[in-house]
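Q: Start counting at 1 in the sequence shown, then tack on 2, and there's your number in the working numbering. C-beta atoms are modelled at their ideal positions from N, C-alpha and C, and glycine is treated no differently.
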Amino acid sequence: MKPTGNELKCAISGFALASLIALSFFAFVLLQHPLPQFASGGCYLQKAIFSPDSESEIISLFNSASKTIDVQMYVFSNENLARSLANAAKRGVVVRVLLEGRIEGVQQNRDTLDYLTENGAYAKWASFSYKLTHSKLAIADGKYVLVGSINFSNSAVSKNREAAALLSCNENNDYAAMFEQDWQKAGA
Numbered sequence: 003m004k005p006t007g008n009e010l011k012c013a014i015s016g017f018a019l020a021s022l023i024a025l026s027f028f029a030f031v032l033l034q035h036p037l038p039q040f041a042s043g044g045c046y047l048q049k050a051i052f053s054p055d056s057e058s059e060i061i062s063l064f065n066s067a068s069k070t071i072d073v074q075m076y077v078f079s080n081e082n083l084a085r086s087l088a089n090a091a092k093r094g095v096v097v098r099v100l101l102e103g104r105i106e107g108v109q110q111n112r113d114t115l116d117y118l119t120e121n122g123a124y125a126k127w128a129s130f131s132y133k134l135t136h137s138k139l140a141i142a143d144g145k146y147v148l149v150g151s152i153n154f155s156n157s158a159v160s161k162n163r164e165a166a167a168l169l170s171c172n173e174n175n176d177y178a179a180m181f182e183q184d185w186q187k188a189g190a
């Protein structure tokens with residue numbers, strides 16, 4: 003017997019309802035015990051971070067570091083973030099910062115570089131091997147990686163719409179390897 007339109011709608015609705023129930027169950031289970039989200043190079047998404055209002059999240063990352071903080075940044079002018087890195091260096095964390103030196107308004111990066119080196123951090127100009135170093139990257143203890151569109155400028159952390167991912171990575175991850183390679187190429 004061929005189903006009528008109403009029976010067909012009922013069958014589809016029954017399947018849709020069963021699917022919805024199954025998806026709801028799996029969503030409930032995953033909310034209780036979420037699976038890590040694979041990102042790249044042995045990394046998993048820990049948290050999404052958005053600007054405006056990302057400054058406290060970035061400072062929290064710096065405050066969590068006990069061994070190392072590596073930063074590769076296109077624009078770095080935010081005094082609170084610079085102070086947080088200086089404080090980390092003063093508590094014994096090895097802080098290394100690579101900044102782009104070929105941008106309009108380079109003085110803001112120069113001021114940050116000088117401030118950081120005066121306060122115990124290691125800071126260098128990014129290599130001229132590339133047209134620009136446009137990365138926005140921070141790595142805490144070699145395994146917590148913040149990567150995205152957020153420059154460490156006042157406007158990027160407090161006014162602009164920006165997005166970044168905080169990743170939890172293996173210590174030998176692609177981001178740490180890239181930073182190390184760029185650090186070795188960098189000038190004084």
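Given a cut-off of 8 Å, decide if E102 and L134 are closer than it, judged by their beta-carbon atoms.
A: Along the sequence shown, one-based indexing puts residue 134 at 132. Along the sequence shown, one-based indexing puts residue 102 at 100. Cβ distance < 8 Å, so L134 and E102 count as in contact.
Q: Could you spell out the range, first to last residue, of the beta strand (DSSP E) harbouring D72?
A: Taking the first residue of the sequence shown as 1, we reach residue 72 at position 70. Note, D72: beta strand (DSSP E), 70 to 75.
Q: Which parts of the region 72 to 156 are runs of the beta strand (DSSP E), unbroken and 3 residues or longer, counting only runs that do not cross its ends?
A: 96 to 101, 124 to 127, 138 to 142, 146 to 150
Q: Within the chosen definition, does the region 169 to 188 reach the region 59 to 69 through at least 3 CB pairs nearer than 8 Å?
A: Touching, no, given that fewer than three Cβ pairs across the two stretches are closer than 8 Å.
Q: Using a Cβ-Cβ cutoff of less than 7 Å, which residues in the same chain neighbour E182 once the five nearest sequence positions on both sides are dropped?
A: The residue labelled residue 182 in the question sits at position 180 within the sequence shown. Cβ neighbours of E182 beyond the five flanking positions: none.
Q: Is it buried or exposed for Y76, if we count other Cβ within 10 angstroms and need 16 for buried?
A: Walking along the sequence shown from the start, residue 76 turns up at place 74. Buried, by the Cβ-count rule.
Q: Quick one: residues in its chain with C-beta nearer than 8 Å to the C-beta of W185, no 5 flanking neighbours on either side, listed in chain order?
A: Here residue 185 refers to the residue found at position 183 when the sequence shown is read from its first residue. Excluding sequence neighbours, W185 sits near D72, R98, L100, K126.
Q: Leaving aside the five residues before and after C12 along the sequence, list all residues of the same chain whose C-beta is less than 7 Å from its C-beta, in chain order.
A: Here residue 12 refers to the residue found at position 10 of the sequence shown. Reliability fails at C12, whose pLDDT of 43 lies under 50, so the model's placement of it is uncertain and the value that follows must be treated cautiously. Only residues of its own chain outside the window of five on either side were considered, and among them none has a CB closer than 7 Å to the CB of C12.
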